[in-house]
Structures are given as C-alpha cells and as structure tokens.
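With the first letter of the sequence shown counted as 1, position 347 gets the number 347 in the UniProt record's numbering; the numbers rise by one all the way through.
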Amino acid sequence: MRAMVPEEIWNALDEFDARAAAYQSGEVSYTVRGKEIPVDTTKTTLSGLELPRVALPDTEDWGERLDWVRKENAPGSFPYTGGVFPFRREDELPVRMFAGEGSAERTNKRYHFLSKDQPFNRLSVAFDSPSLYGHDPVERLDIFGKVCESGVSISTVDEMERLFDGFDLCAPNTSVSKTINGNYWWHLAAFFTVAIRQQVAKFVQENGRDPSDKERTEIRAKTLSTVRGTVQADQLKEAMGQNTLVFNLDTALRMMGDVAEFYVENEVRNHYFVSISGYHIDEAGANPISQAALTLSNGLTYVELFNARGLDADKFLRNFSWFFSNGMDPEYAVIGRVSRRIWAIAMRDLYGVGNRGQKLKYHIQGSGRSLHSQEFTWNDYRTTLQALYALADNANSLHTNSRDEAFGTPTEDTVRDAVAIQLILSKEYGWLQNENPLQGSYIAEWLTDNVEEEVLRIFEEMHARGGVLGSLEVNYQRNRIQDESMVYEQRKHSGELPIVGVNTYVDEGSAVMSADGFDVDVTRSDEAERQMVIERNKAFKEAHAAEAEAGLGKLKQVARDGGNLFEVMMDIVEHCTVGQVTQALFETGGKFRRNM
Numbered sequence: 001m002r003a004m005v006p007e008e009i010w011n012a013l014d015e016f017d018a019r020a021a022a023y024q025s026g027e028v029s030y031t032v033r034g035k036e037i038p039v040d041t042t043k044t045t046l047s048g049l050e051l052p053r054v055a056l057p058d059t060e061d062w063g064e065r066l067d068w069v070r071k072e073n074a075p076g077s078f079p080y081t082g083g084v085f086p087f088r089r090e091d092e093l094p095v096r097m098f099a100g101e102g103s104a105e106r107t108n109k110r111y112h113f114l115s116k117d118q119p120f121n122r123l124s125v126a127f128d129s130p131s132l133y134g135h136d137p138v139e140r141l142d143i144f145g146k147v148c149e150s151g152v153s154i155s156t157v158d159e160m161e162r163l164f165d166g167f168d169l170c171a172p173n174t175s176v177s178k179t180i181n182g183n184y185w186w187h188l189a190a191f192f193t194v195a196i197r198q199q200v201a202k203f204v205q206e207n208g209r210d211p212s213d214k215e216r217t218e219i220r221a222k223t224l225s226t227v228r229g230t231v232q233a234d235q236l237k238e239a240m241g242q243n244t245l246v247f248n249l250d251t252a253l254r255m256m257g258d259v260a261e262f263y264v265e266n267e268v269r270n271h272y273f274v275s276i277s278g279y280h281i282d283e284a285g286a287n288p289i290s291q292a293a294l295t296l297s298n299g300l301t302y303v304e305l306f307n308a309r310g311l312d313a314d315k316f317l318r319n320f321s322w323f324f325s326n327g328m329d330p331e332y333a334v335i336g337r338v339s340r341r342i343w344a345i346a347m348r349d350l351y352g353v354g355n356r357g358q359k360l361k362y363h364i365q366g367s368g369r370s371l372h373s374q375e376f377t378w379n380d381y382r383t384t385l386q387a388l389y390a391l392a393d394n395a396n397s398l399h400t401n402s403r404d405e406a407f408g409t410p411t412e413d414t415v416r417d418a419v420a421i422q423l424i425l426s427k428e429y430g431w432l433q434n435e436n437p438l439q440g441s442y443i444a445e446w447l448t449d450n451v452e453e454e455v456l457r458i459f460e461e462m463h464a465r466g467g468v469l470g471s472l473e474v475n476y477q478r479n480r481i482q483d484e485s486m487v488y489e490q491r492k493h494s495g496e497l498p499i500v501g502v503n504t505y506v507d508e509g510s511a512v513m514s515a516d517g518f519d520v521d522v523t524r525s526d527e528a529e530r531q532m533v534i535e536r537n538k539a540f541k542e543a544h545a546a547e548a549e550a551g552l553g554k555l556k557q558v559a560r561d562g563g564n565l566f567e568v569m570m571d572i573v574e575h576c577t578v579g580q581v582t583q584a585l586f587e588t589g590g591k592f593r594r595n596m
C-alpha cells in the first residue's frame, strides 16, 4: 500500500504521528538562533487538568490528518498557518510599546519606565515630524512648532546616543524597533554607530586602552552581527498609505537595495532592514482584507527587486519583518494566519527558499482609528479585545494602545494600564495558556479560507495592471484605500456600523475629550525643550563642519556613480546631521512629489 502513495504524503503523516507522540510525552525541545529551548508541552490548571500548550486534531482518519497538515499544521511547521515557532517563549513576552516624546533624555526616561521589571528590553521609537521628514530641528516657522511633538527629536548621532543611554544595544535581551521610513538610512546608520560606540567603550573599560584598527574592525563586525531590532523602511507603503516618502520612489527603492546588500555582505543577521507595513494602509482607510493583500504584494515586490540585484533570497529574507493593524472586524482575527500561509507557499514554490525565509514574523498594534475621544476610557476595552485577537493568532510582538492615544501622546499611567492588558491576557487568561486556540475552529478556518481567496483576487487585479509598481502608476492602491475609507465613515456616521459611546449608547452629557474639558496635557514639549534641541544641533554642525563637507561631497559622488550609498552613510553619520544628508540626496536623487 505504501508504494501506491507519494512519499511526501507518508512523510507528512509520519511527522504528524511523531509530533503527537512527542507532545504527549510532556517535554520537547526546539532550536531558535542556535539555542536549544526545552519546553513542557502541558500546563496544569488549578482544577488539575493537564492543558495541552498545542492541541492537535483528534482523528485517526489519514485524509483528515493530511488535509490539516497541508492547510494548517502545528505552529512552527509549514505552512505556518498557526505560527512560525513551535511554542511561545515564556521568558520573552510579546510586549513592545511604541514611545517617543520630546528630547532624547525624556524619551530615554520613558524607555526605562517601560522596561522596569521586564526581563527583556523591547523598545520602539516614535520620531517627531521633522525627524520623519529628514529635517534638522530649526527655528523655521513650519518646523519649530513640530520639534519634539508626538515623538522624539533625533538629528545627530549624539542625540541617538542619548536616546539609548543605559541600554546595551548588543545585549541578547535588548531589541529596538525604529518607526522611520522616508530617510531611514540615516537613522539606521546612526543606530548602528551608537551600538559600535558602546562596544568600543566597553573594550576601553575592560582593557584600559583604545582598540587597535584591527580590533576596532572586529568590534564593528561583531556588533553588526549581534545587534537586534527592526527599522520600518517600507517605501512602497509610504507611496500608497502613509505619505512620508521623502525621496522619489526610484531613489528610495535603490536605497532599500543598498541597505539589503550591506546586510548580506556584513552578515547582519539579527536586525531586520524592513518592516513591511500594513498598519498605515489600514489607518488610511483600507479594510483588513486590503491591508493584507497590499502588504503582502509589497513584500513580494521587494523580493523581486532584491533578486534583480543578484542578492541571495535565503540571506536577505532572514531580515524581513512585518507590521499589521488590528481592529474589531472579524477578518482581523485571521490576518496573521492568512499572511503566514500565503507567504510560506509563495517563498517555497516560487522562489525555492528555505524554512527561515518562509516564516512571516510580524508585529501588530491595535487600530488607532478604533480609538475614540468620546468616552475615551472605554478604549481600553477595545484594546483588550484586539490584543486577544493578536495573542490567539501568535503575533510575534504587540503594542497595546493607551486609551488617551485618541488625542495625544500617552501618559505613564495610561501606558502602564496598556501594558497590563497584555500581561493579564498572557499570564492570567486561561484560554491563552493553549497556544493554538484558533486551530480547529470552524469560523476561524472559514475566515482564513475566504480572506485568503479575496487576497489572491486582489493580487490578480494588480497583476493585470503591471504589478505593484504598475498599479501605483494608475493609483489603484490609493483609490482602493479611499473607497474603503469612505465606506467606513459613511457607516459610522449613519449608525449602520455601531460604535458604543460614539453613535450608540451615547451619554449626551458626556463631553468629547479635549484639553479644555479635562486635566490632561495634550501638548507636552515646551519652547525651552525645543530650543535646547535646536542649539545642540547647531553646536554639532559647527563642531563637525569640515568633516561634514567632505562626507557630503563623497555621498553625492557615490550617488551619481551608482555605488552603495549606505556604506558611505555608515562612514559619514558621525559628522553629518539628518538634515544635511537629506538635502544632499535631494540634489542627486530628487524629492518625492505627491500625485493627487
């Protein structure tokens, strides 16, 4: 009988049997980053039941088992529908809170607050508008009022160093996510430079001398291979959703390729050079199906672009990460399941990459547009339900929104409450002690199959228009986002889409949240703080004037010659501000001009 059945099918059935036996034994181990991690496969409830951490189908039928393995499989196994790792890390919860306010020192204080009593430092940087658009903090009217507002001001490598004071960026328990896109390469180079500075300082402290040139080179190489984190850097998402694209798209995509090449050549293994982002597409108005489709198609486009540069997909795909929005609609419950399955199959069947490149690892954040200023304390309930979606779907990291993010930067108190939502769900909520609760659910499987089918249909529509880049030319993505945003707004205002406290169960005597109505600081930076940041930027430029002039000249020449711009950025970031670098690349690469 075995001879009549393809070997692939027998192997899948044998693997199922072996896994079931191992999970019933009570203890297994798996490997992450070369480290063997032993885990208990059950948890004992207060009632004395041995709850399986991963539950497998209870069927003896080979056909049913095979169908489950092909479409679902256990977490950690192709096609990774249930998750990319066999089990959750109990020593590293998925908490990663987005933070940034004012000066580097003030944001650093917030990071230490968020990291207090946490075994891992999972930091996430929110930059102010001038930083996002590549401007130095200056007294120009259209810039001054935005310096230090709704994010941290970082324009020099010294400011980046202040931001991470007290955190060892190469420690295995530290990782940093940086939400920066249009001119991200400067910020990435500054971050790497600060990490290298820290390791050089450690060498000096331990050895009582400066490192030799050879030792400095070795420190640099080791730092680049060790430092953990992510930079967002998703230029295609900017063109269709976020609108903070700084340079024209050709220049922006070239720089992404330069960074990818730098990572491959320098063995940067533990830091992601792109976080392919659906969050901003969703916030611009897309529904969850379009969010998944447009985000995955952007990822596939990057694979094509980097392949065209001759880069090895197995090497650059290890540095891909993803970022989704999580709202209240039912489709959000399976956005990770659908995306993991589509990506894994595409990477294996279309590009022939290995297991690591097939795994879609994603961060997720509660939907900003689901937060409302009316009855704003109720936003905590929405955030809790969204976090439940994310944790049940095995998101790899999670930001739970603070209730006051509907109108401003959150306070320490509201951030602490938001973190508590994750901790209570992860540590106390019994249903999540099982790590694949959606598998086997009829509605979860129905949603997964139908959302997947719709995503593939949108792929076909873009393919007919020349792929992602061709679709951008005819505004396909923007038109889709705008149409879906209009549907949401019309249904919200008509009451067809009920939102409690906003268009139903409304207390007419309850005011809309505002700075006038409540004792809350909506704006938290003051003129003195902004002026301090501006003066430090001026002093830096004066101190590095000669080196900056030479470095910027080199950058412009390499831009014209077609060399790797990020290699140069790593050399000049010690002396050049973000504004100086942005202006130099405007002169050689051109600005982004929005097509309205």
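Positions of the beta carbon are idealized from the N, C-alpha and C atoms, including for glycine.
With H, G and I counted as helix, E and B as strand and the rest as coil, what does DSSP make of residue i?
| i | result |
| --- | --- |
| R122 | strand |
| H372 | coil |
| A584 | helix |
| S325 | strand |
| K591 | strand |
| S402 | coil |
| G579 | helix |
| K35 | strand |
| M4 | helix |
| G166 | coil |
| P330 | helix |
| L296 | helix |
| G229 | strand |
| T44 | strand |
| S471 | helix |
| T504 | strand |
| F320 | strand |
Out of the options, which has the shortest C-alpha to C-alpha gap to residue i?
| i | options | result |
| --- | --- | --- |
| G63 | F113, V5, V204 and L51 | V5 |
| P498 | N307, D329 and I9 | D329 |
| Q24 | L472, L398 and T42 | T42 |
| L552 | E527, G327 and T588 | T588 |
| K178 | F192, T226 and A292 | F192 |
| D40 | R88, A543, T217 and G229 | R88 |
| S441 | L46, A20, L253 and E72 | E72 |
| G82 | V533, A395 and G590 | A395 |
| I37 | A74, N434 and V28 | V28 |
| R33 | R560, R369, R536 and R356 | R356 |
| F113 | F376, F167 and D526 | F167 |
| A292 | F273, G310, T301 and F324 | F324 |
| D449 | A333, R122 and A286 | A333 |
| L472 | E7, N121, D210 and K237 | K237 |
| G182 | I9, N248 and E496 | N248 |
| H463 | F306, T301, E527 and P437 | T301 |
In terms of residue numbering, what span does the alpha helix (DSSP H) encompassing residue i cover?
| i | result |
| --- | --- |
| E454 | Y442 to A464 |
| L565 | L565 to I572 |
| H187 | Y184 to N207 |
| K427 | E412 to K427 |
| H493 | Y476 to S494 |
| L388 | N379 to A392 |
| K538 | E527 to A543 |
| W343 | I335 to Y351 |
| residue 680 | Coverage of the chain is limited to positions 1 through 596, which leaves residue 680 absent and any answer about it impossible. |
Starting from residue i and walking both ways along the beta strand (DSSP E), at which residues does that stretch end?
| i | result |
| --- | --- |
| N436 | Taken as a continuous stretch (DSSP letters only), N436 belongs to no beta strand (DSSP E), as it is neither H nor E. |
| I9 | Counting along the chain, I9 falls outside any beta strand (DSSP E), though it belongs to the alpha helix (DSSP H) covering E7 to S25. |
| V176 | T174 to T179 |
| Y362 | Y362 to G366 |
| K359 | First-last for K359: undefined, no H or E at that position. |
| L51 | E50 to P52 |
**Q.** Inter-stretch contact (C-beta, 8 Å, three-pair minimum) for the region 99–118 and the region 151–159
**A.** Taking 8 Å as the limit for Cβ pairs, the verdict is that the region 151–159 does touch the region 99–118.
Q) Can you list, in chain order, the stretches of the beta strand (DSSP E) that have 3 or more residues and sit fully within the region 58–114? A) 97–99, all fully within the region 58–114.
Q.
Below 8 Å, how does it come out for the region 195–215 and the region 134–153: are there three or more Cβ pairs, yes or no?
A. Per the Cβ contact rule, the region 195–215 is not in contact with the region 134–153 (fewer than 3 Cβ pairs under 8 Å).
Q: Could you tell me whether the region 269–278 touches the region 314–330, where touching means 3 or more Cβ pairs closer than 8 Å?
A: Judged by Cβ distances under 8 Å, the region 269–278 makes contact with the region 314–330, as three or more pairs qualify.
(Q) So, does the region 352–370 touch the region 401–419, judging by three or more C-beta pairs under 8 Å? (A) Touching, yes, given that three or more Cβ pairs across the two stretches are closer than 8 Å.
Q) Where in the region 232–293 do unbroken runs of the beta strand (DSSP E), each at least 3 residues long, occur, reported from the N-terminal end onward? A) DSSP runs (the beta strand (DSSP E)) wholly in the region 232–293: 274–277.
Q. Which ranges does the alpha helix (DSSP H) cover as unbroken runs of at least 4 residues, wholly within the region 124–149, from first to last along the chain?
A. With a minimum length of 4 residues, the unbroken runs of alpha helix (DSSP H) contained wholly in the region 124–149 fall at 129–132 and 141–144.
Q) Touching or not, the region 52–59 and the region 13–31, by the rule of three or more beta carbon pairs under 8 Å? A) Yes, the region 52–59 touches the region 13–31.
Q. Counting pairs of Cβ atoms below 8 Å between the region 449–464 and the region 337–357, do you hit three or more?
A. Yes, they touch.
(Q) Taking contact to mean 3 or more Cβ pairs, one atom from each stretch, closer than 8 Å, check whether the region 254–267 and the region 222–241 are in contact. (A) Touching, per the Cβ criterion.
Q) Does the region 550–565 come within contact of the region 254–264, defined as at least 3 CB pairs closer than 8 Å? A) The count of Cβ pairs closer than 8 Å, one atom from the region 550–565 and one from the region 254–264, reaches three, so the stretches are in contact.
Q: Would you check if the region 124–143 and the region 567–581 touch, i.e. whether three or more CB-CB distances between them fall below 8 Å?
A: Touching, yes.
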